[in-house]
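Peer 1: Sharing a structure here in structure tokens format.
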């Protein structure tokens, strides 16, 4: 009964109050977030009520994201520690709260999706012993977590005070801050004569400046292009063994190429046509056919959406959807739009994301100058400067000023976030403002790595245009190397530099001469993305066998001596399941809003669930990508996936049709392999399958086992 009363009271309070609870009216020791010491990026909000004071703080997972509360304890003793937060569906389930007690630091994990169980907006964390002096409680948002962390306030109560507060809360509404209490005075009649603007009042903002149309700068000197044969000659010089290497089979080539260009394995019919083709140039023709497919743009839009989204925190009020952005970017890739123009358009874009999807990159970062500085250099230049935000870089010669000079390019970006509709995010410009370093007094001039300087006072669009022009300039080697490194890493199993978003001093770099030649080819071709895929896919270096994981031969363990296998991205796993076992993409109905959950998260489709389970940050080192329990449980329990393993007559599945139409087990097993693994089984595999069918006795059940084993195997989930 008490819980129902509390819930009703909080619901009424959330809809009626205009401000937060007055901390001065609460018992015990209380500290609001306004007095907390924060590290990292925290954002103020008043959206979800009730909260303490004038606002609360929220942050997404990241490096060094903490809010520290320090309360003066007059008398040593045992106190109940309570954390104030506002619950919601986009909160984290694992907010870490570190209580620095007399007997050490204790960590309490709070599920902030659930309503607090204590008085008003407070969640009891437990009893802790403190000595007289400072009681320190730290709310942490460090690491990669799902959902935002809320830090609103901390309260310390004695045991008796806690009992009283728990008993009074259901009966006694909290007192609001008087200066911000809800205005209930009668409305005055409007003055028919508009008041004159006061002297010094803020003037109406002028119309928003539009970006300058893109114009490509010509290279200062002639640049060389490559052919696949010249690429192989370079690889022969620096790696060796290219000219005499054994090419992969026709089946392995088409599967590798289809995954790299289309993001899925080839269909059985496509493989049949390719194998039946007797032309000597059929591999080159396959490259052209796949580059011309609309699926090429979709696949690489998915890749770049992951590159951006995995390091973009979710805002509090909006569930970010990349659907519009991916549709736009897929169109750019399929039109073979130059990468320098696409990058320029994204960095200088203004307007509503739904109308101008190029504004997604800046808009989804909410115009945050620090995040935009770090992510712009990481995404488009594969150069990481985030470590220099708080101090000089620890490992390379990069002073703190380098980061903040770049941040100054974004200081006048303005964004407006709607409720629960990321397509309605608007990117605009502030009329003024300059950036200062933390603790510094001088204004930071926009400077890009000591090379491109912009005067103070310049407009937002002018600043971003100057930065974009410098990034995509033919003389800037980082831009072309960043893109070619990502393409090479995908197609060859390892980048010229690892991780792929660090091609500077801290990256693990190999074959710099080859990297420079491929990057120069990219610039010489007008940043033609398909041309890079074309020369790599047609090279002997690409069309070689996989590295033996147990190889000890010195030549075979050299970088790029042979191709390395790699994991499929989440969207590639789904598309391969859709191709191999005809997995449908089912989206449930949206969850209706309630008083408790005003903005329910959008429903997850089958594609979303598979992508969430198997997805990973494509900028991560490949060695950090591993199989997880979540992936195994999804394949075991997902309703749509399980339906496709049903061989019962009338189920309508690919497996049921195969078992019913093909009585010869050798032929049926061959078709199953062709559907799922895009290759024919060898004699040993056919023999093992036939023995299993005979052992099980029931043909339908045996084929369900076979399909299950193929889908769950490493071969299906890998790009080889």
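In this note's numbering, the protein residues as written are 1279 to 1998. Where is the CB? At the ideal position from N, CA and C, for every residue including glycine. Computed from a predicted model, the values in this text were never measured in an experiment.
1. Whose CA, out of 1634, 1572, 1902 and 1705, lies closest to the CA of residue 1542?
2. Tell me whether residue 1470 sits in a helix, a strand or coil according to DSSP, three-state version.
3. Would you mind reading off the limits of the alpha helix (DSSP H) that contains residue 1747?
4. Using CA atoms only, rank isn't needed, just tell me which of 1719, 1655, 1551 and 1629 is closest to residue 1680.
5. One question on the structure: do residue 1994 and residue 1955 come within less than 8 Å of each other, judged by their Cβ atoms?
6. According to the neighbour-count rule (16 or more other Cβ atoms, all chains shown, within 10 Å of its Cβ), is residue 1957 buried or exposed?
7. Look at the alpha carbon of residue 1359 and the alpha carbon of residue 1425, and state the distance between them as a whole number of angstroms.
8. Reducing DSSP to helix, strand and coil, say where residue 1428 ends up.
9. When DSSP labels each residue in this structure, what does residue 1890 get in the three-state scheme?
10. Whose C-alpha, out of 1313, 1772 and 1490, is nearest the C-alpha of residue 1432?
11. Using three-state DSSP, classify residue 1985 as helix, strand or coil.
12. With which residues is residue 1402 paired in a DSSP beta bridge?
13. Just curious, the alpha helix (DSSP H) that residue 1574 is in, first and last residue?
14. Mark residue 1224 as exposed unless 16 or more other C-beta atoms lie within 10 angstroms of its C-beta, in which case mark it buried.
15. Which residue or residues does DSSP assign as beta-bridge partners of residue 1775?
16. What does the alpha-carbon distance come out to for the pair residue 1445 and residue 1305?
17. If you reduce the DSSP assignment to three classes, tell me which class residue 1267 lands in.
18. With DSSP as the reference, label residue 1622 as helix, strand or coil.
19. Measure the Cβ-Cβ separation of residue 1937 and residue 1944 and say whether it is below 8 Å.
20. Taking the continuous beta strand (DSSP E) assigned at residue 1376, which residues delimit it?
21. Quick check: residue 1662 and residue 1779, are their CB atoms within less than 8 Å of each other?
22. Straight-line CA distance for residue 1645 to residue 1545?
23. Tell me which same chain residues have a C-beta within less than 6 Å of the C-beta of residue 1666, skipping the five on either side of it?
24. Just how far apart, CA to CA, sit residue 1749 and residue 1652?
25. Applying the 10 Å Cβ sphere with the 16-neighbour rule, what's the burial state of residue 1524?
26. With C-beta atoms as the reference, is residue 1636 less than 8 Å away from residue 1617?
27. If you draw a straight line from the alpha carbon of residue 1878 to that of residue 1395, how long is it in whole angstroms?
28. Going by other Cβ atoms of all chains shown within 10 Å of its Cβ, with 16 needed for buried, is residue 1697 buried or exposed?
29. Between the alpha carbons of residue 1475 and residue 1448, how many angstroms are there, rounded?
30. Going by C-alpha to C-alpha distance, which of 1766, 1764 and 1804 sits closest to residue 1619?
31. How is the beta strand (DSSP E) around residue 1347 delimited, first residue to last?
32. Hey, out of 1315, 1515 and 1454, whose CA is closest to residue 1999's CA?
33. Say whether the stretch 1698 to 1714 touches the stretch 1764 to 1771, bearing in mind that this needs 3 or more beta-carbon pairs closer than 8 Å, one atom from each stretch.
34. Quick check on residue 1401: buried or exposed, where buried means 16 or more other Cβ atoms within 10 Å of its Cβ?
35. Can residue 1799 and residue 1813 be called in contact, C-beta distance under 8 Å?
Peer 2: Concretely, from the data shown:
1. Residue numbering aside, residue 1542 sits at position 264 when the chain shown is read from its first letter. The residue with the shortest Cα to Cα distance from residue 1542 is 1572.
2. For the purposes of this step, residue 1470 is taken as the residue at position 192 of the chain shown. Interpretation of residue 1470 is limited by its pLDDT of 43, a score under 50 that renders its predicted location unreliable; the figure taken from the coordinates is listed afterwards. Residue 1470 falls in the coil class under three-state DSSP.
3. Here residue 1747 is taken as the residue at index 469 of the chain shown, counted from 1. Start and end: 1738 to 1750.
4. Locating residue 1680 in the chain shown gives position 402, where the first residue counts as 1. The shortest Cα separation from residue 1680 among 1719, 1655, 1551 and 1629 belongs to 1655.
5. Position 716 of the chain shown, counting from 1, holds the residue named residue 1994. Position 677 of the chain shown, counting from 1, holds the residue named residue 1955. It is a contact, given that the beta carbons lie within the stated cut-off.
6. Position 679 of the chain shown, counting from 1, holds the residue named residue 1957. So residue 1957 ends up on the buried side.
7. Sequence index remark: in the chain shown, residue 1359 carries index 81 (1-based). Sequence index remark: in the chain shown, residue 1425 carries index 147 (1-based). Distance between the alpha carbons of residue 1359 and residue 1425 is about 24 Å.
8. Stepping through the chain shown from its first residue, residue 1428 is reached at position 150. The answer is strand: DSSP assigns residue 1428 an E or B state.
9. As a position in the chain shown, residue 1890 is number 612, starting the count at 1. Here residue 1890 sits in helix by DSSP.
10. Here residue 1432 is taken as the residue at index 154 of the chain shown, counted from 1. If we check each option's Cα against that of residue 1432, 1313 comes out closest.
11. Taking the chain shown and counting its residues from 1, the one referred to as residue 1985 is at position 707. If DSSP states are grouped into helix, strand and coil, residue 1985 belongs with the helices.
12. Within the chain shown, the letter at position 124 stands for residue 1402. Note: residue 1402 sits in a beta bridge opposite 1360.
13. The residue given as residue 1574 occupies position 296 in the chain shown. 1572 to 1587 is the span of the alpha helix (DSSP H), which, as asked, contains residue 1574.
14. Since the first and last residues shown for the chain are 1279 and 1998, residue 1224 lies out of range.
15. In the chain shown, residue 1775 corresponds to position 497, counting from 1. In DSSP, residue 1775 forms a bridge with 1787.
16. Translated into positions along the chain shown, residue 1445 becomes position 167. Translated into positions along the chain shown, residue 1305 becomes position 27. Their Cα atoms are separated by approximately 13 Å.
17. Because the chain is modelled from 1279 through 1998, residue 1267 falls outside the range shown and cannot be assessed.
18. Working through the chain shown from its first residue, we reach residue 1622 at position 344. Residue 1622: helix per DSSP, three-state reduction.
19. Counted from its first residue, the chain shown places residue 1937 at position 659. Counted from its first residue, the chain shown places residue 1944 at position 666. No, the Cβ-Cβ distance between residue 1937 and residue 1944 is not below 8 Å.
20. To locate residue 1376, count along the chain shown from 1; it is residue 98. Where residue 1376 is concerned, the enclosing beta strand (DSSP E) stretches over 1373 to 1379.
21. In the chain shown, residue 1662 corresponds to position 384, counting from 1. In the chain shown, residue 1779 corresponds to position 501, counting from 1. In this structure, residue 1779 lies closer than 8 Å to residue 1662 by Cβ.
22. To locate residue 1645, count along the chain shown from 1; it is residue 367. To locate residue 1545, count along the chain shown from 1; it is residue 267. Each residue's Cα considered, the two are about 43 Å apart.
23. Against the chain shown, residue 1666 aligns to sequence position 388. Same-chain partners within the cutoff: 1676, 1678, 1680 and 1681.
24. Looking up residue 1749 in the chain shown gives position 471. Looking up residue 1652 in the chain shown gives position 374. Distance between the alpha carbons of residue 1749 and residue 1652: 14 Å.
25. As a position in the chain shown, residue 1524 is number 246, starting the count at 1. Looking at its Cβ environment, which holds fewer than 16 other Cβ atoms inside 10 Å, residue 1524 is exposed.
26. Start at 1 with the first residue of the chain shown, and residue 1636 comes out as number 358. Start at 1 with the first residue of the chain shown, and residue 1617 comes out as number 339. No.
27. Sequence index remark: in the chain shown, residue 1878 carries index 600 (1-based). Sequence index remark: in the chain shown, residue 1395 carries index 117 (1-based). C-alpha separation (whole angstroms): 21 Å.
28. Here the question's residue 1697 lines up with position 419 in the chain shown. Residue 1697 should be labelled exposed.
29. Translated into positions along the chain shown, residue 1475 becomes position 197. Translated into positions along the chain shown, residue 1448 becomes position 170. Low local confidence applies: a pLDDT of 49 at residue 1475 is under 50, so the model's placement there is unreliable, with the coordinate-based value given in what follows. Cα-Cα distance, rounded: 47 Å.
30. In the chain shown, residue 1619 corresponds to position 341, counting from 1. When only C-alpha atoms are compared, the closest one is 1804.
31. Translated into the one-based positions of the chain shown, residue 1347 becomes position 69. First-last of the beta strand (DSSP E) with residue 1347: 1344 to 1351.
32. Within the shown structure, residues of the chain are numbered from 1279 to 1998, placing residue 1999 beyond reach of any answer.
33. no
34. Working through the chain shown from its first residue, we reach residue 1401 at position 123. Per the 10 Å Cβ criterion, buried.
35. Your numbering for residue 1799 matches position 521 in the chain shown. Your numbering for residue 1813 matches position 535 in the chain shown. Yes, they are a contact pair.
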